[in-house]
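The block underneath contains the structure these notes are about, expressed in C-alpha cells.
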Amino acid sequence: MSKGAVVMVTGAAGALGRAVCEMFLARGDTLVAVDLDAQALQTLYGDNERVQTVATDLTRWDATDAALARLPGLSVLCNIAGGFDMGPAVHETADALWQRMMALNVTTLIHACRAVVPGMIAAGGGAVVNVAAASASSGKASMGAYCAAKDAVARLTESMALEVREHGVRVNAVAPSIIDTPANRGAMPDADPTRWVSPRDLAAVIAFLASDQACAVNGAVVPVVGLS
Numbered sequence: 210m211s212k213g214a215v216v217m218v219t220g221a222a223g224a225l226g227r228a229v230c231e232m233f234l235a236r237g238d239t240l241v242a243v244d245l246d247a248q249a250l251q252t253l254y255g256d257n258e259r260v261q262t263v264a265t266d267l268t269r270w271d272a273t274d275a276a277l278a279r280l281p282g283l284s285v286l287c288n289i290a291g292g293f294d295m296g297p298a299v300h301e302t303a304d305a306l307w308q309r310m311m312a313l314n315v316t317t318l319i320h321a322c323r324a325v326v327p328g329m330i331a332a333g334g335g336a337v338v339n340v341a342a343a344s345a346s347s348g349k350a351s352m353g354a355y356c357a358a359k360d361a362v363a364r365l366t367e368s369m370a371l372e373v374r375e376h377g378v379r380v381n382a383v384a385p386s387i388i389d390t391p392a393n394r395g396a397m398p399d400a401d402p403t404r405w406v407s408p409r410d411l412a413a414v415i416a417f418l419a420s421d422q423a424c425a426v427n428g429a430v431v432p433v434v435g436l437s
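Heads up: the sequence shown runs through residues 210 to 437, numbered per my numbering.
Pasting the structure below:
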C-alpha cells in the first residue's frame, strides 16, 4: 500500500477507530470513515476534505450494501468495529447477549468484507486488517460469548487469507490485550493502565500490517499485549 491510498475504517468514531484514522491521515491517505454514530462522525471528521464519512449499521446487510455500494476503489479495509460485554456462565447466557457479541464482532466484519473485498480482487490487490483479542486465545469465565466471537474473527482471518491470496489481497489481524480507553479505565479503576496497550500503539501495528512493508505477512494474528 503506497501513501495516498484509500482506506476504509469501520468503528471510526470509537477510541481505537479514531487512532487508526489519525495514523492513516498522517501518512497522507484518504479515508472512508464508517460508524453507526452519524453525529460523532460529523464532529470528528466533518471538516476534513480527505475523509468521507458513512453512517450505517454494519450488522444489517441491506444497510451496509446500500451505504457502501458506490465507494471509490479501496486499497485497505480496517475492521475496527466491535464490542465487549461481560456475561454470565455459558449455560446462563441469553440469546440477546450471544447475538449481540456475534453481531458486533463477526457480522460487521463479514458484511464489510462482502462489500469491499470483491473490489480489491477486481483491482488485483489490497489489505484487510481485523481485530481479534488476546483474551480469546482460550476460554474465560463469564466471557464465553465474547471469546467465541473474537476467536471467530481470528479463524475468519486465517480462512480469508487463504481464499484471496491468489488475488493479491492480504488478510491479517491484531490480537490486543486491554486497550487503554476511557471506557476501560472507568470499568477497571484499580488497574494499572500503563501496562495496557495504547490506541495509538495498536494503530501503528494495524497500519504496518496494511502497508507494503508487510507484503510477506498474510494470515497472521499478531499479539499486541504491551506489558500486560
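We put the CB at the ideal spot given by N, CA and C, even for glycine.
Keep in mind that this is a model prediction, so the values were computed, not measured.
{"Query": "Bridge partners - Asp-244, DSSP secondary structure assignment", "Result": "Ala-264"}
{"Query": "Entirely enclosed alpha helix (DSSP H) segments - the segment 304–378, minimum 4 residues", "Result": "304–311, 317–332, 353–373"}
{"Query": "Alpha carbon of Asp-271 to alpha carbon of Gly-282, nearest angstrom", "Result": "20 Å"}
{"Query": "Spatially closest choice to Ala-324 from Ala-412, Leu-436, Ser-347, Val-243, by CA coordinates", "Result": "Val-243"}
{"Query": "DSSP three-state assignment for Val-434, whether helix, strand or coil", "Result": "coil"}
{"Query": "Spatial distance of Val-414 from Arg-379 (CA atoms)", "Result": "15 Å"}
{"Query": "Cβ neighbour criterion (16 or more within 10 Å) applied to Cys-424", "Result": "exposed"}
{"Query": "Bounding residues of the alpha helix (DSSP H) (the contiguous stretch that carries Val-229)", "Result": "224–235"}
{"Query": "Buried versus exposed, by CB contacts within 10 Å (16 or more), Thr-403", "Result": "exposed"}
{"Query": "Residues that DSSP places opposite Leu-286 in a beta bridge", "Result": "Met-217, Val-337"}
{"Query": "Euclidean distance between Cα positions of Asp-246 and Thr-252", "Result": "10 Å"}
{"Query": "Segment contact, 8 Å Cβ cut-off, at least three pairs: the segment 325–338 with the segment 282–291", "Result": "yes"}
{"Query": "Nearest-angstrom Cβ-Cβ length linking Ala-224 and Ala-412, presumed shorter than 8 Å", "Result": "Ala-224 to Ala-412, Cβ: 10 Å. No contact."}
{"Query": "Contact belief for Met-311 with Ala-358 at Cβ below 8 Å, rounded distance in angstroms", "Result": "5 Å"}
{"Query": "Where the alpha helix (DSSP H) containing Ile-415 begins and where it ends", "Result": "408–419"}
{"Query": "Residue from Ala-235, Thr-219, Thr-273, Asp-238 whose Cα sits closest to the Cα of Leu-250", "Result": "Thr-219"}
{"Query": "Inter-residue spacing [alpha-carbon to alpha-carbon] between Thr-366 and Ala-429", "Result": "8 Å"}
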